[in-house]
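Last residue of the sequence shown: number 619 in the working numbering, and the count goes up by one each step with no gaps.
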Amino acid sequence: SSRPPSRLSLCPSQGKDAAAGQQEALGAGEVKETTVHRQEKDPGHDSHATPTDRRLVAFYAQQCTGHLSTLLGAIDALFSCLRSSQPPRAIVSHARHVIVSAHKLVFIGDALSRQAQAAGVRAQVGHSGALLCQALKRTVHATKGAALRYPERPAIQEMVDKVTELSQHALRFTKLLGDLTP
């Protein structure tokens, strides 16, 4: 089990070097669509994936399964807290667990997209990881809004909607890694 550095941005892959690497990996928009289309047709059998890529994906896919389980448990606890009308302090505490759990998945996406040798793997993981990261940012923003405007129902509902969206992106990301695993 590896630990991320102590000072990480919310979406590490958004840096200049990583963005340039993702742009190079993705190329034109047509390449991105082709890569995603090929993955849907034949998941896990990208002819350009190296044996090292396959081992990396298998390693991270296993970690993602555990982190996804933790994330879903944290979401359940947050929603239970909301149903029982807990004070904002309790809501923020549970939301923090959701955010930290999701960030671990974002970190895996960033690490794998940087380490993969095959452009197809980098593109697929980078794209899915970026979507997950954006969903995480929206969740953080909605959580702050809900805490500041508590007990306003629209603010709480927005947080619930963003957390639900986050869980969907986390599921897709984890499924992608599972599909890429031989």
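C-beta: ideal position from N, C-alpha, C; glycine also.
When you compare each of the options to residue i by their alpha carbons, which one comes out closest?
i	options	result
Thr576	Arg520, Ile512, Thr487	Ile512
Gly582	Arg609, Gly615, Val529	Val529
Tyr587	Pro525, Thr489, Gly510, Phe516	Pro525
Which term fits residue i, buried or exposed, when burial requires 16 or more other beta carbons within 10 angstroms of its beta carbon?
i	result
His578	exposed
Gln500	buried
Glu595	buried
Ala585	Here residue 585 is Leu; the residue named in the question, Ala, does not match the sequence. Exposed, by the Cβ-count rule.
Arg559	buried
Asp598	exposed
Ser550	buried
Gly566	buried
Check for me: the alpha helix (DSSP H) holding residue i runs from which residue to which?
i	result
Ser521	No alpha helix (DSSP H) contains Ser521, which DSSP labels as neither H nor E.
Would you mind giving the Cβ-Cβ distance between residue i and residue j, rounded to the nearest angstrom? I have them listed as a contact below 8 Å.
i	j	result
Ala539	Leu603	6 Å
Leu569	Val543	6 Å
Ala498	Thr618	5 Å
Ala607	Leu508	6 Å
Lys541	His564	So it is not a contact: roughly 19 Å between Cβ atoms.
Thr489	Gln554	6 Å
Ignoring anything shorter than 4 residues or poking outside the segment 537-611, list the alpha helix (DSSP H) runs there in chain order.
As far as the segment 537-611 is concerned, its whole alpha helix (DSSP H) runs of at least 4 residues are 556-585.
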